[in-house]
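Residue numbers (my numbering), protein chains in the order written: chain A, 1 to 532; chain B, 1001 to 1355. Just so you know, even glycine gets a beta-carbon here, dropped at the ideal spot from N, CA and C. Note that this is a predicted model, so its numbers are computed, not measured.
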Amino acid sequence: MRKLLAIGLVLALAGCDSAAPEPDPGRPLGPPQPGVLRVLAGSELADMQPILDEAAKATGVQVKLTFSGTIEGAETLARGEATGKFDAVWFSSNRYLQTQPDADRRLGNQVKIMNSPVVLGLSADAVRRLGWEGKRVTWAQIAEAAGAKAFTYGMTDPSASNSGFSALVGVASALAGTGAAVNADQIAAITPGLTEFFSAQTLSAGSSGWLSDAYQRRAAGADPGEKVDGLVNYESVLLSMNADGKLPQPLSLVYPSDGVVSADYPFTLLSDAPDDARSAHQRLTDHLRTPDVQRRIMDQTRRRPAIPGVELGGQFAQRDLVELPFPTGADAVDALLSAYFNKIRRPSRTLYVLDTSGSMQGERIEALRSALIALTGADGSLVGKYRGFRGREELTLLPFSSAPAAPVTFVVPDTGPRPELDRIKAFAGGLKANGGTAIYDSLTRGYQLLGQPDPAKFTSIVLMTDGQNTNGSQYATFESAGRGARIPVFTVLFGESSQDEMNKVATLTGGKVFDARSTPLAKVFQEIRGYQ
Amino acid sequence: MKRRLSIVLAALLLVAVVVVIVIDQRGEGEPDARVVRGVIGSEKLAFFHDKRVIDVFAKHGLRVEVDPAGSRQIATSVDLGRYEFVFPSSSPAAQRIQRDRKITAGYTPFSSPMAVATFEPIVALLTANGVIRNGQLDVAKYLELAKAGTRWDQLPGNTAFPARKNLLITTTDPRESNSASMYLAIVSFVANGNTVVSTEEASTKLLPQLTKLFLDQGYTQNSTEGPFEDYLAAGMGKTPLALIYESQFLDRQIRGDGAIRPDMRMLYLAPTVFSKHTLVPLSDNGDKVGQLLTTDPELTRLAATFGFRPTDSRVLGQVLTEKGVAAPPELVDIIEPPSYETLERMLDTIGRQYR
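Here's what the structure looks like:
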């Protein structure tokens, strides 16, 4: 009786209703309890927001996602910078993180939420042209067709996005053909096959979202860039593009018969997470893995369920997929990424149009110098290693003020690049600021210098300016000259540059605007590398 | 004024609650449940989260809270300061903790033999190729194929699963998980001419061959729930052969939730080892958890409903009969794992090859 009285008093004090003693079938996990999970996550999980909002209502657990690339995330963990700031990480896969021992040891309980394999999506026309209708093909056959220039595709930068990274690993494992995980010693042997496969990659992007948009715009003729036949991306992204109905013709999904690499989205508690985060993680992941929520995830995001007993929807044409072995160690992964950037993928031809007008004096010119120098290998981070100027890259720096200055061109060799990188570093370190701002004369000069782009290379321009155009021709002149049709311009907002004009230049040329007003210039330059 | 009145009332209520609770604690009735926190092998998570299990512990005044971790992680890298008991999935990991912390107490309330989860087409294929004999997976024959780096598509007459991937049992990460170390116990025994590895010389000689069984798989997950879940959800392409505890498969069969589809099969390994789930108490409350798990008939029966084999083997048989699940075959080819030191040395050497 006294106990009952106590309970009654507690309830009166709390003013809330009693916790149900028996589990309610509509709410198998019991009543919601307030909690917040701070999660470092892959940006493609943005499409989970509606599901997470529903989950917050059901469980009381709010999720705060902070987006990061997988390699950057691994670095944040390895340096201990996630401690106290995040309770969990949620990337498309933990495989890369677990190759980094200092990141690996910070991972606690991992709960897989869903699945999506990385596959090739091709326009129906291309599939017909290749004679692949209703047929299963191997990665080697795909690589051969790619080498014969029978089709082209776009893919994300493997150092920026997991879909590109998974594709690189998948095709490498398949081409090695040993049936075992690929190791560092095998990379040289498969480099010719990989070079064939990646010679058809005519579009690179730092983010999966931009890649899909660019593909869509080009397919619809809304973008000056050359049309691309397909995309290497998650099955979920390709299916979603088809469902959006914006493509002139849907993508056919090619599931290589020798296997795929899949993302399994482990929602991973950090080992040093506090107790309430621990229980919040448990409640949330239990909820996300209930059959109803798994079905909703499948219907809304087109990812496959992680639990048994949820019937796959009809959109998943290929149900049983062979999973290719994934390399176990940092050495193998590093060898593969380094070979990809410096030897395998199409080489880059890159031109930087750089504002060195008087307004750049002081901190700004210093930021520009160090942003360029970081790309010569001065950035010792995990990510920086794959974002610098690459082997076989032809780089032209075109500083300008009242008029374009003399351009300087560097060619980075694929072996022993240090001396050339040092020359770039010396040139960047010597940049000085004075004079006016002739943006469009200089951009036009850049186009003249690059001439007709070589189809075997990634050719692009970066335009960085901190102010309005004060000298020479205007934007209208550049626009009417129609030069934009050939080479994309990645514009960088810095200082007082005109957001409107920079947007226009990027849109006109099929490029993208980057904002260095709130983000350090060096970080922006590094990000742009994913598109070059 | 109203606000002040409500504060006063709230304060009065609070005092009343405290008084009643204090009186209650001094009177008769059950003491409030004490929280006992443990770190356990992940395959026991569902057991500890089961409401019936929670209720039995509550009757004895305990609220058991558990965090899952790989059994080797428990023995080596988990900070045990916050826990009152550890409950890894095997005796070698428990021995290590007992030795490191100079604890003699230990409870082995239940165990489970290692097995392989697979599919009917794979069973037919491996039977035709002599890897499965009398319904059990012949580890010696399997090692022969694995040693030669045989791919699935190289098996004669294979139309069922012509994957260009090595014929390998999917295990967990040997650096972190207990089931992988149990697997090493089995394969090292067979590779060593059906003798438990006991010398450094023998392990040095065998390790190149044994390391391949792990490294060739590439990335492996760190808990046994991982491969089994892939087996259940993603199917044959991803995981044609998954190393599991017998309990994992039986648990799903007993639940009858449809996760075990008609073409799914569990195979026993010949020889196999028993993974002996061993609780090591780190405090008096932790010791009480160990005692209850070993002696309380209700907990023993509940453990059996999760597919574990309690010390009294009849209990599992009864549960299986009740649920209409076929009883497992009599296992005769059972071996003991190597000593903790030998097993650890081998695991460390293999772990160093992950580069």
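Straight across, the Cα-Cα distance linking Gln-1217 (chain B) with Asp-264 (chain A) is about 17 Å.
Ala-1326 (chain B) counts as exposed, since fewer than 16 other beta carbons sit within 10 angstroms of its beta carbon. Taking 4 residues as the shortest admissible run, the region 421-474 of chain A contains the following complete alpha helix (DSSP H) segments, listed from N- to C-terminal end: 439-450. In this structure, the beta-carbon distance from Ser-460 (chain A) to Thr-350 (chain A) falls below 8 Å. Sequence-distant Cβ neighbours of Val-228 (chain A) in its own chain, meaning closer than 7 Å and more than five residues away, are Thr-152, Tyr-153, Gly-154, Thr-202, Leu-203, Tyr-215 and Arg-218.
Per DSSP, Gly-358 (chain A) lies in no beta strand (DSSP E) and is assigned neither H nor E.
Counting only residues of its own chain and dropping the five nearest sequence neighbours on each side, Leu-97 (chain A) has a CB closer than 6 Å to the CB of Ala-74 and Ala-103.
In the DSSP assignment, Gln-201 (chain A) falls within the beta strand (DSSP E) that extends over 201-205.
For Phe-1057 (chain B), the enclosing alpha helix (DSSP H) covers residues 1051-1059. Among the bridge pairs identified by DSSP, Arg-1265 (chain B) is matched with B:Thr-1118.
For Ala-1270 (chain B), the secondary structure class from DSSP, reduced to helix, strand or coil, is strand. Taking a C-beta distance under 8 Å as the contact criterion, Ile-297 (chain A) and Ile-51 (chain A) qualify as a contact pair. Here Asp-87 (chain A) is near Arg-38 (chain A), since their CB atoms are less than 8 Å apart.
For the options B:Tyr-1183, B:Asp-1287 and B:Val-1190, the alpha carbon positioned closest to that of Ala-1115 (chain B) is the one of B:Tyr-1183. About 15 Å separates the Cβ atoms of Ser-1188 (chain B) and Leu-1215 (chain B), ruling out a contact at the 8 Å cut-off. With a threshold of 8 Å between beta carbons, Phe-151 (chain A) makes no contact with chain B. Residues of chain B with a Cβ closer than 8 Å to the Cβ of Ile-113 (chain A) do not exist, since the nearest Cβ in that chain sits about 11 Å away.
In the three-state reduction of the DSSP assignment, Ala-41 (chain A) falls in the strand class, which pools E and B. By the criterion of a C-beta distance shorter than 7 Å, Tyr-1340 (chain B) is surrounded in its chain by Pro-1092, Gln-1095 and Arg-1096, once the five residues flanking it on both sides are discounted. Per DSSP, the unbroken alpha helix (DSSP H) holding Phe-1214 (chain B) starts and ends at 1200-1215.
Residues of the region 1179-1192 of chain B with a C-beta atom less than 7 Å from some C-beta of chain A do not occur. When C-alpha distances from Ala-403 (chain A) are compared across A:Glu-420, A:Ala-433, A:Ile-528 and A:Ala-188, the shortest belongs to A:Ala-433. Judged by DSSP secondary structure, Tyr-1231 (chain B) falls outside any beta strand (DSSP E) and instead within the alpha helix (DSSP H) spanning 1225-1233. Between Ala-1163 (chain B) and Gly-259 (chain A), the C-beta gap is smaller than 8 Å, which places the two residues in contact. The region 1264-1274 of chain B makes contact with the region 1330-1346 of chain B, as at least three CB pairs between them are under 8 Å. Contact check for Leu-493 (chain A) against Ala-516 (chain A) passes: the beta carbons are separated by less than 8 Å. Secondary structure at Ser-1111 (chain B): strand, using DSSP grouped into helix, strand and coil. Rounded to the nearest angstrom, the gap between the Cα atoms of Leu-238 (chain A) and Tyr-1219 (chain B) is 26 Å. Note that the region 439-457 of chain A does not touch the region 328-340 of chain A; fewer than 3 beta-carbon pairs, one per stretch, sit closer than 8 Å. Across the structure, Asp-1312 (chain B) and Asp-1050 (chain B) are spaced so that their CA atoms are roughly 22 Å apart. At a cut-off of 8 Å between beta carbons, Leu-1215 (chain B) contacts chain A. In this structure, Tyr-440 (chain A) and Tyr-475 (chain A) form a Cβ contact; the two beta carbons are roughly 6 Å apart against a cut-off of 8 Å. Taking the CA atoms as reference points, Ile-365 (chain A) sits about 11 Å from Thr-465 (chain A). Pro-1337 (chain B) has its alpha-carbon roughly 13 Å from the corresponding atom of Thr-1199 (chain B). In this structure, DSSP gives Pro-327 (chain A) a state outside helix and strand, which the three-state scheme calls coil.
Residue contact check for Lys-1165 (chain B) against chain A: a CB pair falls below 8 Å.
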